[in-house]
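All residue numbers in the sequence shown are consecutive under full-length UniProt numbering, ending with 114.
Glycine residues also receive a C-beta, built at the ideal position from the N, C-alpha and C atoms.
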Amino acid sequence: MTDGKEASPCHESALNERWLKAPKPLDAIPKAHPGSHVPFKLLALCIGLPIIVANSIAMLVFASEKERPPFVKYRYLRIRNKKFPWGDGDKSLFHNPKRNATSEGYEEEKEAAE
């Protein structure tokens, strides 16, 4: 209220009820056009899906094994302040012995040297 008086609880509830019963403006909500999704569905199925399949096949056929970089023991890489709670504590959870080095080097090079 602008005159400094508080509105009574009855007056407030009457305002709330009128607000709740007031018709909502339905013109503000855009209506979907039936069938408007069909061209996009066709684009996705006829163009997108074959591109994904073709790229997947190309990766399987033309992918070559990359050379692993030589191990260099830098003091700022592979820092282990605390051991991992699994295994010997030096290998991460998703450790790949062919690609990932431990703090001492690649596992395959260690086995070949022994």
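Quick check: the Cα distance between residue i and residue j, rounded to an integer number of angstroms?
i	j	result
Phe40	Leu49	12 Å
Val53	Leu20	53 Å
His37	Tyr74	55 Å
Asp88	Lys66	28 Å
Pro85	Cys46	48 Å
Ala63	Ser56	10 Å
Leu43	Phe94	38 Å
Ser92	Glu107	13 Å
Asn96	Ile51	30 Å
Lys83	Tyr76	17 Å
Who are the Cβ neighbours of residue i in its own chain at under 6 Å, not counting the five residues just before and after it?
i	result
Gly105	Phe71
Can you give the beta carbon distance from residue i to residue j, rounded, assuming they're within the 8 Å contact cut?
i	j	result
Arg80	Asp90	7 Å
Compare the Cα-Cα distances from residue i to each of the options and report the closest residue.
i	options	result
Arg78	Pro97, Ile57, Ala101	Ala101
Is the number of C-beta pairs between the region 30-44 and the region 58-71 that are closer than 8 Å three or more?
-> Contact annotation: the region 30-44 does not touch the region 58-71, with fewer than three C-beta pairs closer than 8 Å.
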